[in-house]
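Below: one structure, written as structure tokens.
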Amino acid sequence: MTLTAQDVADITRLLEESSFDELYLELDGLKLSLRRQGAGGAPAAPALADSPPPAAPRNAGPAPDVAPSPQPAASAPSARTAATQSDVQSVAAPLLGTFYRAPKPGAAPFVEIGSQVKEDTVIGIIEVMKLMNAVRAGTCGIVAEIVAQDGALVEYGEALVRIDTTGQA
Amino acid sequence: MTIKRILIANRGEIAARIIRTCRLLGIETVLAASSADRHSVPARLADRTLCIGPARSTESYLQVGTIVQAALGVRADAIHPGYGFLSERAALARACEENGIIFIGPTAEQIASVGDKLRARSEAQAADVPVVPGGAVEDLEDAMTLAVRLGAPLLVKAVGGGGGRGMKRIEDVTELPQAVQLAASEAGVAFGDARLYLERFVTGGRHIEVQVLGDGAGRVIHLGERDCSVQRRYQKLIEETPAPNLSASLRERLHAAAVRFAERLAYRGAGTVEFLVDPARDAFYFLEMNARIQVEHPVTEAVTGIDLIAEQIAIADGAGLRIRQEQITWQGCALECRVNAEDPARDFQPSPGRVATVRWPAGEGIRVDTHIEAGSQVPPFYDSLLAKIIAHAPNRTAALMRMRQALIAAQVTGISTNLTLHQDILADAQFQAGGVDTGFLTRYLQRSDTGAAHG
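This is the structure:
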């Protein structure tokens, strides 16, 4: 199953005309993830295989349809563009569970601030009922921030670490 | 009381309903919500909300491990499963038992024994509760022999099914081979269990169920019955209590049979024993037991004044039965209309989307259980229940009148609902007379279709 550029354009238009903020489409061997810019969270990006769809919990509810904006309409998109162009990406928890920074108690953490990571670098593990799930960076770059506490309960979609994708050696 | 914090593993109106009682009891609530329900009304009402996974319920609400981990993570004393989702999965009850979490419901063993239709059926027989003539079948030849003995019409059912899924009705024994094949493959896919059984289809039957509470040590009380005969494709639409036009002796026999069945299991918590009532023969048959709180529990609460969620919590907390059978009294009549996001004019197509405006009825004898307000999103991933409108009055005529006024006052814009259909049914002479059978709604819809075509 493949999608043509026209298909994607059609699907995007459907989302724009709908009242929904996000759309996830899964076909055989293909995942398409679309998100309205106003919906908060990470900018729309093609989802990588294995990677969780939303990069961060939505920071605000859906925008009201006819709320007067305190800012000129034009300034909002430019502010969003700036955010989009920022090169720090969050690695989101792919499932709810207990987050561990190290493979076992007392061991060195998988990553520290400044660690160089690749897409398949493990940044931590999430335990769900004694099942350990490795969480991978999903992008290349340098760890800029460790957000989640070791041993803490993390929700689905919660930011675990942030990665500066410009920081490549 | 050892239960101080409850994790609610559900969504929608029942999550909001559970939170309401927890607040009255001073119990903290943590809602386990999918990403689609992060900003729902119950998420706002709960003391805390945890996002347990994506919208799709197989990756969120149906994940036993995630739910238990969430409860452990927030140090919840107990899990309330609501209805649907994991409420009748023995695996969740067992995982709770293994992890020191109180499961607000029956034991894993009890869930397993009522969840398997064949086991439930033999338990009923052992408790001297009549069952519909029928039995399990091994293969087609076996099915043929039994079908000829029972006589058509017949129902072909999946042993692990429920809610009408995996069920086929045949009018003639010649239709059996196809029905058996279809039901077996459907059941295999949907429930991972291809076992089947046949039973006689009772024409003109009514669906009447009895609410029970058990302390888990063998003591069981009943809170009367509910008539849920107004249904379409086994989905209930209107429920009422007491069941209208039912002889006092049949009513008493139903209550006693439900109590006997639950006593045999030493049932713990709130449960419902469902019966098929054959008014022509003044007989009834055991259908199944639902080992959870039911959608339609508010009509029972209205006439008894008992908060069923509070009793569920008390029993789970080890307080046992706080009410004796002789203390239960029934005041008046209550009806419930299920308001769904669906379009009856388009073959009941679901109508998800954003609710623009909402007006729910209020006033004496009116209760609305809902999770919908203006601006609410109705996600396409879950059931279409928007609200339950409950009307209570001293007698059935007054309750019907109250409900009709409430339905006129109710208004939902932005999505389609079945509010008008409810008004039409309540204006119907047969429904007003009371005691309709489970085929009533289908016949009514065909009638009104024909009427519309001619009109």
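Top line first, the protein sequences correspond to chains L and D.
Residue numbers for the first sequence follow our numbering, so the first one is 1 and each next one is one higher.
Residue numbers for the second sequence follow our numbering, so the first one is 1001 and each next one is one higher.
Every residue, glycine too, gets a C-beta built ideally from N, C-alpha and C.
Given that residue i touches chain L, what residues does it touch there, using C-beta distances under 9 Å?
i                       : result
residue 1150 of chain D : Here the premise fails: no neighbours, minimum Cβ distance about 45 Å.
residue 1068 of chain D : 128 and 129
residue 1376 of chain D : Near residue 1376 of chain D there are no residues of chain L at all, since even the closest Cβ is about 10 Å away, more than 9 Å.
Quickly, what does DSSP pair residue i with across the bridge? List them, please.
i                       : result
residue 1369 of chain D : D:1388
residue 1030 of chain D : D:1007 and D:1048
residue 1353 of chain D : D:1378
residue 1268 of chain D : D:1215
residue 1157 of chain D : D:1167 and D:1197
residue 1102 of chain D : D:1078
residue 1022 of chain D : Answer is none; residue 1022 of chain D lacks a bridge partner.
residue 1359 of chain D : D:1411
residue 1063 of chain D : Note: residue 1063 of chain D sits in no beta bridge, so no partner.
residue 1343 of chain D : D:1349
residue 90 of chain L   : L:162
residue 1335 of chain D : D:1240 and D:1391
residue 1209 of chain D : D:1226 and D:1274
residue 1136 of chain D : D:1197
residue 1115 of chain D : Paired residue(s): none; residue 1115 of chain D is not in a bridge.
Check each candidate in the options and name the one with the smallest Cα separation from residue i.
i                       : options                           : result
residue 1398 of chain D : D:1151, D:1258, D:1291 and D:1335 : D:1335
residue 1142 of chain D : D:1195, D:1098 and D:1099         : D:1195
residue 89 of chain L   : L:95, L:119, L:104 and L:99       : L:119
residue 117 of chain L  : L:139, L:103 and L:108            : L:139
residue 1219 of chain D : D:1266, D:1022, D:1290 and D:1076 : D:1266
residue 951 of chain D  : D:1176, D:1115 and D:1444         : Given a span of 1001 to 1455 for chain D in the structure shown, any question on residue 951 of chain D remains unanswerable.
residue 1050 of chain D : L:155, L:108, L:164 and L:97      : L:155
residue 1082 of chain D : D:1105, D:1314, D:1075 and D:1257 : D:1105
residue 1018 of chain D : D:1329, D:1311 and D:1360         : D:1311
residue 1061 of chain D : D:1047, D:1079 and D:1151         : D:1079
residue 1043 of chain D : D:1327, D:1010 and D:1393         : D:1010
residue 1227 of chain D : D:1007, D:1216 and D:1207         : D:1207
residue 1256 of chain D : D:1221, D:1153 and D:1280         : D:1221
residue 1288 of chain D : D:1125, D:1006 and D:1247         : D:1125
residue 1250 of chain D : D:1119, D:1275 and D:1088         : D:1275
residue 160 of chain L  : L:9, L:94, L:107 and L:12         : L:94
residue 87 of chain L   : L:7, L:122 and L:142              : L:142
residue 1170 of chain D : D:1293, D:1189, D:1186 and D:1198 : D:1198
residue 1286 of chain D : D:1259, D:1407, D:1103 and D:1417 : D:1259
residue 1047 of chain D : D:1112, D:1007, D:1070 and D:1396 : D:1007
residue 1295 of chain D : D:1402, D:1138, D:1438 and D:1338 : D:1338
residue 1140 of chain D : D:1438, D:1176 and D:1101         : D:1176
Answer yes or no: does any C-beta atom of chain C fall closer than 8 Å to that of residue i?
i                     : result
residue 97 of chain L : Any reference to chain C falls outside this structure, whose protein chains are L and D.
Determine the chain L residues that contact residue i at a beta-carbon separation under 7 Å, and present them in chain order.
i                       : result
residue 1052 of chain D : 96 and 156
residue 1046 of chain D : Neighbours of residue 1046 of chain D on chain L: none; closest Cβ ~14 Å, over 7 Å.
residue 1073 of chain D : 98 and 153
List the residues of chain L that residue i touches, going by C-beta distances under 8 Å, in chain order.
i                       : result
residue 1065 of chain D : 128, 129 and 131
Secondary structure, beta strand (DSSP E): runs of 3+ residues fully inside the segment 1393 to 1417 of chain D: 1411 to 1413
Hey, is the segment 1008 to 1023 of chain D in contact with the segment 1380 to 1397 of chain D, meaning 3+ C-beta pairs nearer than 8 Å? yes
Beta strand (DSSP E) runs contained entirely in the segment 1220 to 1252 of chain D, provided each spans 3 or more residues: 1220 to 1232 and 1235 to 1241
Across the segment 1342 to 1356 of chain D and the segment 1318 to 1331 of chain D, are there enough close Cβ pairs to call them in contact, namely three or more that are closer than 8 Å? Not touching, per the Cβ criterion.
Tell me the start and end of each unbroken beta strand (DSSP E) in the segment 93 to 169 of chain L that is at least 3 residues and wholly inside, in chain order. 97 to 100, 122 to 128, 131 to 136, 141 to 146 and 159 to 164
Using 8 Å as the cut-off, can you tell me whether the segment 1368 to 1377 of chain D makes contact with the segment 1030 to 1048 of chain D, which would need three or more C-beta pairs spanning the two stretches below that distance? Contact check between the segment 1368 to 1377 of chain D and the segment 1030 to 1048 of chain D: three or more CB pairs, one atom from each, fall below 8 Å, which counts as touching.
Given 8 Å, three or more beta-carbon pairs between the segment 1260 to 1272 of chain D and the segment 1210 to 1227 of chain D: yes
For the segment 1142 to 1154 of chain D against the segment 1118 to 1131 of chain D, are there 3 or more C-beta pairs whose distance is under 8 Å? no
Assess contact between the segment 1229 to 1245 of chain D and the segment 1287 to 1305 of chain D, defined as three or more Cβ pairs (one per stretch) separated by less than 8 Å. Is contact present? yes
Could you tell me which whole beta strand (DSSP E) segments of length 3 or greater appear in the segment 1270 to 1296 of chain D? Secondary structure in the segment 1270 to 1296 of chain D: the beta strand (DSSP E) runs of 3 residues or longer, each lying completely within the stretch, are 1283 to 1290 in chain order.
Within the chosen definition, does the segment 1418 to 1433 of chain D reach the segment 1363 to 1371 of chain D through at least 3 CB pairs nearer than 8 Å? no
Between the segment 1398 to 1418 of chain D and the segment 1179 to 1188 of chain D, are three or more C-beta pairs nearer than 8 Å? no
Does the pairing of the segment 1146 to 1160 of chain D with the segment 1113 to 1120 of chain D give three or more beta-carbon distances under 8 Å? Yes, since at least three Cβ pairs between the segment 1146 to 1160 of chain D and the segment 1113 to 1120 of chain D fall closer than 8 Å, the two stretches touch.
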